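Residues in the sequence shown are numbered from 0 upward in steps of one, following numbering that gives the first Met the number 0. Beta carbons are placed, not taken as given, at the ideal position from N, Cα and C, and that holds for glycine. Since we're looking at a predicted model, the values are computed, not measured.
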Amino acid sequence: MRVTVGMFFYSLTIYCSLFLLTNQAWAQNEAAQCDSVIPVSVPAFSCSDGLVVPKVVDRMGHCEKPEDLYTTCRKYSTLGKLAENNKKDVQIRFSCRRAKLDDATSPFHDIAVIQHNEKTGATCFYQYLGSHSGENLPAPNSAAGKNFWNQPVDYCSSCHTNGPFIRSPDYWQVVDAHSDHILPSVYSIKKYTLANTTPYQVYDVYKKGNACVSCHNVGAYKTSEGSQLQIGRVNKLAAGQVHSLSGGNSPTVSGYDDFMADYAGGRENAVKALEDLEGCLGSTSTDCGVVSTERSSVCANEPLGTQCYWMENSSGNYCWVKSPSGVGDINSCKALDSCNGGGGASGGGCYKWAECPNCNRFPW
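Given below as structure tokens:
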């Protein structure tokens with residue numbers, strides 16, 4: 000059969016119409032699904048509701064705290080909170096990334112929202128990719144929202160493996176007028192499950208004595224049920240295993256944005272520790288563990304040797320263990336050791352990590 004130009008454009012119109020309807024149906028169902036497990040909806044907002052992310056760029060175009068997703072020193076991006084003080088333990092944050100350097104009037108090209116239920120860990124991601132003023136952005140569950148927010152966002156969890164929020168130096172530096180960080184505190188995030196990134200899945204990775212997991216959760220992800228586990232991409236960046244998320248150098252003086260390397264004693268040590276965790280992904284060693292990120296019950300599916308943190312200071316005693324509230328009896332950890340027997344000083348207090356089969360690490 001001979002295909003005419005008219006037939007071609009007719010077919011293309013049908014295809015585009017079906018794609019648009021599919022996208023609208025996906026977006027509408029997505030918001031409804033998220034709102035069914037997270038009791039506060041993402042409201043309408045504008046990028047100007049947020050705070051400008053600080054950026055200091057030198058004469059050579061380097062910056063100390065680059066925007067990691069796009070590997071730039073781009074200025075005038077914003078970060079903000081939504082539905083504050085909602086009394087339902089829901090955290091909602093948005094970010095708006097600019098399309099051009101050094102131009103406060105240029106359009107945004109990447110607008111993203113994270114909606115997180117602290118009680119259950121349920122987390123949803125929303126994203127708009129394209130040129131936009133950033134003003135009057137529709138709520139995802141609205142009629143306008145189903146035509147606006149892009150479909151699917153499962154790829155978000157390839158970076159967001161350790162928890163819903165990535166506290167990169169770029170975003171962690173943003174504080175409000177009360178000096179409170181815009182991103183939620185590490186202490187408020189205890190559980191983490193993906194509510195809208197099927198078929199992507201995330202897991203906590205553990206190895207006894209590993210420098211990375213002595214302080215942090217380190218996550219891995221699968222792109223489908225039968226696919227191979229991979230360490231989250233931001234972990235590779237933070238350790239210095241890669242220069243950037245985009246393949247080239249980071250726009251820092253060193254060419255890396257290895258913002259966690261110093262905590263492991265340098266880039267070489269950090270990379271080695273991360274490689275050891277990668278080795279656990281397919282290992283049956285009793286020193287390794289790959290478990291669900293739900294972190295939903297005391298000791299459930301936790302490998303022996305998981306770390307426990309306790310601290311004594313002027314404001315009281317704290318022990319972060321695996322329990323429904325996230326805070327356990329100080330004596331269960333204090334009995335393991337004392338400040339005089341190990342640990343160190345921090346903020347006028349003292350702290351000690353100790354081996355404990357029923358404790359969870361900080362979710363950083």
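*Please look up how many angstroms separate the CB atoms of T70 and S223, rounded, as I've assumed it's under 8 Å.*
Against the sequence shown, residue 70 aligns to sequence position 71. Against the sequence shown, residue 223 aligns to sequence position 224. Between T70 and S223, the beta carbon gap of about 27 Å keeps them out of contact (Cβ cut-off 8 Å).
_Using only the alpha-carbon positions, how far apart do V89 and K189 sit?_
Within the sequence shown, residue 89 is the residue found at index 90, counting from 1. Within the sequence shown, residue 189 is the residue found at index 190, counting from 1. For V89 and K189, the distance between alpha carbons rounds to 13 Å.
*List the residues that DSSP assigns as beta-bridge partners of H131.*
Translated into the one-based positions of the sequence shown, residue 131 becomes position 132. Answer is F107.
*Which partner residues of C123 appear in the DSSP bridge assignment?*
The residue given as residue 123 occupies position 124 in the sequence shown. According to DSSP, which records beta bridges pairwise, C123 is partnered with Q114.
*Who pairs with A219 in a beta bridge, going by DSSP?*
Start at 1 with the first residue of the sequence shown, and residue 219 comes out as number 220. DSSP lists Y202 and I230 as partners of A219.
*Identify the continuous beta strand (DSSP E) that holds K271 and give its terminal residues.*
On the sequence shown, residue 271 is found 272 positions in, with the first residue counted as 1. Where K271 is concerned, there is no enclosing beta strand (DSSP E), although the alpha helix (DSSP H) it sits in stretches over R266 to C279.
*F164 versus K80: straight-line alpha-carbon distance, rounded*: Numbered from its first residue, the sequence shown carries residue 164 at position 165. Numbered from its first residue, the sequence shown carries residue 80 at position 81. Roughly 12 Å between the two C-alpha positions.
*Look at the alpha carbon of D67 and the alpha carbon of F44, and state the distance between them as a whole number of angstroms.*
Residue 67 sits at position 68 when you count from the first residue of the sequence shown. Residue 44 sits at position 45 when you count from the first residue of the sequence shown. Straight-line spacing of the CA atoms in D67 and F44 works out to 24 Å.
*asked:* With the cut-off set at 8 Å, would you say V201 and V289 are in Cβ contact?
replied: Within the sequence shown, numbered from 1, the residue matching residue 201 stands at position 202. Within the sequence shown, numbered from 1, the residue matching residue 289 stands at position 290. Cβ atoms of V201 and V289: not closer than 8 Å.
*Please determine, among G281, Q32 and D286, the residue with the shortest C-alpha to C-alpha distance to P139.*
To locate residue 139, count along the sequence shown from 1; it is residue 140. In terms of Cα proximity to P139, the closest of G281, Q32 and D286 is Q32.
*asked:* Could you compute how far the alpha carbon of V233 sits from the alpha carbon of S213?
replied: Stepping through the sequence shown from its first residue, residue 233 is reached at position 234. Stepping through the sequence shown from its first residue, residue 213 is reached at position 214. Roughly 18 Å separates the two Cα atoms.
*Buried or exposed for T77, please, with buried defined as at least 16 other CB atoms from any protein chain shown within 10 angstroms of its CB.*
If you number the sequence shown from 1, residue 77 lands on position 78. Buried.
*Using only alpha-carbon positions, find the residue among S226, Y170 and S156 that is nearest to T196.*
Here residue 196 refers to the residue found at position 197 when the sequence shown is read from its first residue. Looking at the Cα atoms, S156 is the closest of the given residues.
_Closest by C-alpha distance to V36, when choosing among C287, T285, T192 and C279_ = On the sequence shown, position 37 is the one that residue 36 refers to. T192 is the residue among C287, T285, T192 and C279 whose C-alpha sits nearest the C-alpha of V36.
*Can you tell me whether H215 is buried or exposed, with buried defined as 16 or more other CB within 10 angstroms of its CB?*
Within the sequence shown, the letter at position 216 stands for residue 215. Under this definition H215 is a buried residue.
*Between which two residues does the alpha helix (DSSP H) harbouring G144 extend?*
Start at 1 with the first residue of the sequence shown, and residue 144 comes out as number 145. Segment G144 to F147, the alpha helix (DSSP H) holding G144.
*Under three-state DSSP, which class holds E66?*
Mapped onto the sequence shown, residue 66 falls at position 67. In the structure shown, E66 sits in a strand (DSSP, three-state: E or B).
*Just the Cα atoms here: how many angstroms apart are G120 and Q114?*
As a first step, residue 120 must be located in the sequence shown, where it is residue number 121. As a first step, residue 114 must be located in the sequence shown, where it is residue number 115. In this structure, the alpha-carbon of G120 lies about 10 Å from that of Q114.
*What span of residues does the alpha helix (DSSP H) with D169 cover, start to end?*
For the purposes of this step, residue 169 is taken as residue 170 along the sequence shown, with counting starting at 1. DSSP places D169 inside the alpha helix (DSSP H), whose first and last residues are P168 to W171.
*Which residues bound the beta strand (DSSP E) around S291?*
As a position in the sequence shown, residue 291 is number 292, starting the count at 1. That run of the beta strand (DSSP E) goes C287 to S291.
_Host beta strand (DSSP E) of S47 (start-end)_ = Indexing the sequence shown from 1 puts residue 47 at position 48. Neither: S47 is in no beta strand (DSSP E) and is coded neither H nor E.
_Out of Q227, S291, E29 and A272, which one is the CA nearest neighbour of Q150?_
Counted from its first residue, the sequence shown places residue 150 at position 151. With distances taken between Cα atoms, Q150 lies closest to E29.
*Can you tell me where the beta strand (DSSP E) with G79 in it begins and where it stops?*
In the sequence shown, counting from the first residue as 1, residue 79 sits at position 80. Counting along the chain, the beta strand (DSSP E) containing G79 begins and ends at T77 to L81.
*Among residues of its own chain, excluding the 5 on either side of Q229, which ones have a beta-carbon nearer than 7 Å to its beta-carbon?*
Counting from 1 along the sequence shown, the entry for residue 229 is found at position 230. Closer than 7 Å at Cβ, skipping near neighbours: A219 and Y220.
_Suppose you measure from the CA of T285 to the CA of C279; what does that come to, to the nearest Å?_
Position 286 of the sequence shown, counted from the start, is the residue given in the question as residue 285. Position 280 of the sequence shown, counted from the start, is the residue given in the question as residue 279. Going by the C-alpha atoms only, they are around 10 Å apart.
*DSSP state of Q32, grouped into three classes?*
The residue labelled residue 32 in the question sits at position 33 within the sequence shown. The three-state secondary structure of Q32, taken from DSSP, is helix.
*What is the C-beta distance between H108 and S130, in whole angstroms, given that I count them as a contact (C-beta under 8 Å)?*
Locating residue 108 in the sequence shown gives position 109, where the first residue counts as 1. Locating residue 130 in the sequence shown gives position 131, where the first residue counts as 1. Contact holds; Cβ gap of about 6 Å.
*From S373 to H61, what does the alpha carbon distance come to, in whole angstroms?*
Nothing about residue 373 can be read from this structure; the chain reaches only from 0 to 363.
*Report all residues from its chain with a CB closer than 6 Å to the CB of V39; omit the five preceding and five following residues, and keep chain order.*
Taking the sequence shown and counting its residues from 1, one reaches residue 39 at position 40. Contacts found: A82, N85, K87 and V89.
*asked:* Let's test the definition: count the other Cβ atoms within 10 Å of the Cβ of L236 and tell me whether it reaches 16, buried, or not, exposed.
replied: Stepping through the sequence shown from its first residue, residue 236 is reached at position 237. Buried is the label assigned to L236, since at least 16 other Cβ atoms lie within 10 Å of its Cβ.
*Coil, strand or helix - V284 by DSSP*: By one-based count along the sequence shown, residue 284 stands at place 285. The displayed chain sequence assigns Ser, not Val, to residue 284. Per DSSP, reduced to three states, the secondary structure at S284 is coil, with no helix or strand assignment.
*Is L182 helix, strand or coil by DSSP?*
If you number the sequence shown from 1, residue 182 lands on position 183. The answer is coil: DSSP assigns L182 none of H, G, I, E or B.
*By DSSP, does C95 sit in helix, in strand, or in coil?*
Numbered from its first residue, the sequence shown carries residue 95 at position 96. Looking at C95 - three-state DSSP - the assignment turns out to be strand.
_Rounded C-alpha distance that separates A111 from E134_ = The count along the sequence shown starts at 1 and reaches residue 111 at position 112. The count along the sequence shown starts at 1 and reaches residue 134 at position 135. Roughly 14 Å between the two C-alpha positions.
_One or two residues paired with L193 in a DSSP bridge_ = Taking the sequence shown and counting its residues from 1, one reaches residue 193 at position 194. According to DSSP, L193 bridges with T122.
*Are there 16 or more other CB atoms within 10 angstroms of the CB of N209, so buried, or fewer, so exposed?*
To locate residue 209, count along the sequence shown from 1; it is residue 210. Classification for N209: buried.
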